[in-house]
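Per full-length UniProt numbering, the sequence shown starts with residue 1, numbered consecutively. In this text, a Cβ means the ideal position worked out from N, Cα and C, and glycines have one as well. Okay, so here's the structure we're looking at.
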Amino acid sequence: MNNLRGIDLNLLVVLDALLAERHVSRTATRLNMSQPAVSHALARLRLLFDDPLLIRRGGQLVASARALEIAPALSEALRQMREVLGPGGFVAAQEKRTFRLAMSDYGSAVFLPGLTRLLRLKAPGIDLVITQSSREAMLRQVLDGDCDLALGVFPDLPERLEVGRLTVEHFACLADRERMSGREWLDIEAYLSRPHVLVAMKDGANTEIDTALRMIGHRRRIAVTLPHWGNAPRLIQGTDLVLTVARNALVAYENDPSLIVFEPPFEIPPFAFVQVWHERRGGDPAHAWLRSAVADVAKGLRQSALPPP
């Protein structure tokens with residue numbers, strides 16, 4: 001490897017993509033190659049490095065110790081080479097690529113419409129595949145290469161994952177307007193007297209809302225637990241239920257005459273909504289562009305204070 005003469009440097013581009021994707025067919029799609037061509041390139045790379053590089057284990061390709069060692073340097077070298085070659089190396093409008101994003105139902109509702117519009121306008125050749133799972137599962141997908149980007153709330157991140165903050169979210173409540181009898185409903189006693197809707201992937205989930213209530217010695221009654229945010233507001237109209245979720249999720253209901261949006265009658269710490277990716281994606285210009293596009297969508301979210309009820 002000390003002598004570059006006679007080495008096809010295109011093989012290194014294939015290796016960089018293989019280490020990012022951990023999947024032959026996805027690498028082929030990413031590089032606009034056939035699957036046999038990628039498999040042939042991997043065979044040549046194994047001979048070149050005298051190492052298996054990617055090992056099939058449990059139905060997945062797992063990077064060898066040697067591959068993990070060279071991946072950061074390879075990604076950085078290719079990034080610098082793209083800079084030397086100039087901006088022609090990546091053109092969003094001409095890119096043809098499929099990205100896999102993991103996000104909660106909330107993330108899909110708040111971020112996905114704006115991101116889709118931006119992609120159709122600036123990068124119509126980029127396709128998205130969206131998956132939904134628990135926080136732990138989303139992080140595992142990013143680590144394993146099954147997912148390019150995860151959007152959500154991740155207080156604790158494993159090593160090798162990088163993070164970019166998108167928004168700082170505050171909580172708000174949603175209730176049926178006719179079932180509210182004035183401002184007295186905004187105190188803590190009235191709040192706790194109502195049954196509540198909880199959006200969580202599993203029953204008994206420990207949410208930021210309930211943690212805040214326990215800190216002041218209270219507990220609310222959860223009447224309905226469901227995993228999808230999209231259906232939660234529909235349960236509120238015509239009932240005595242209260243929904244407490246991230247404020248950006250309720251923007252569409254602030255002007256609904258049948259519903260009322262109000263601030264919680266107790267303090268709930270805000271939380272950061274972020275995007276997370278593996279460090280091996282850092283040198284991928286298309287991935288960097290996508291992260292920038294997601295950040296632009298986040299900047300466009302309305303951050304104004306809630307109107308008075």
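The beta carbons of serine 258 and glutamate 178 sit closer together than 9 angstroms.
Taking 9 angstroms as the cut-off, the beta carbon of tryptophan 277 is found closer than this to the beta carbon of leucine 149. In terms of Cβ geometry, leucine 241 and alanine 212 do not form a close pair [threshold 9 angstroms]. According to the DSSP secondary-structure assignment, alanine 246 is paired through a beta bridge with Phe171. Burial check for glycine 58: the Cβ neighbour count within 10 Å stays below 16, so the residue is exposed. Per DSSP, the beta bridge partners of proline 195 are Arg221. Spanning the alpha carbons of isoleucine 236 and glycine 152 requires a straight line of approximately 25 angstroms. Residue pairing by DSSP puts aspartate 127 in a beta bridge opposite Thr98.
Note on geometry: alpha-carbon atoms of valine 110 and asparagine 248 lie some 7 angstroms from one another. When the five nearest sequence neighbours on each side are left out, the beta carbons in the same chain lying within less than 7 angstroms of the beta carbon of leucine 19 are those of Ala63, Ala67, Ala71, Arg280, in order along the chain. Listed as beta-bridge partners of aspartate 176 by DSSP are Leu259.
Residue pairing by DSSP places glutamate 136 opposite no residue, since no beta bridge is assigned to it. Per DSSP, reduced to three states, the secondary structure at isoleucine 55 is strand. Spanning the alpha carbons of threonine 167 and proline 36 requires a straight line of approximately 43 angstroms.
Residue range 271 to 278 is occupied by the beta strand (DSSP E) that includes tryptophan 277. As computed with DSSP, methionine 103 is found in a beta bridge with Leu151. For the pair glycine 164 and alanine 102, the Cα-to-Cα distance works out to about 15 angstroms. Counting the other Cβ atoms within 10 Å of the Cβ of alanine 175 gives 16 or more, which makes it buried.
In summary, glutamate 76 is exposed, with fewer than 16 beta-carbon neighbours lying within 10 Å of its beta-carbon over all protein chains present.
Secondary structure of glycine 282 (DSSP, three-state): coil. One Cα belongs to proline 113, the other to phenylalanine 266, and the distance between them is close to 31 angstroms.
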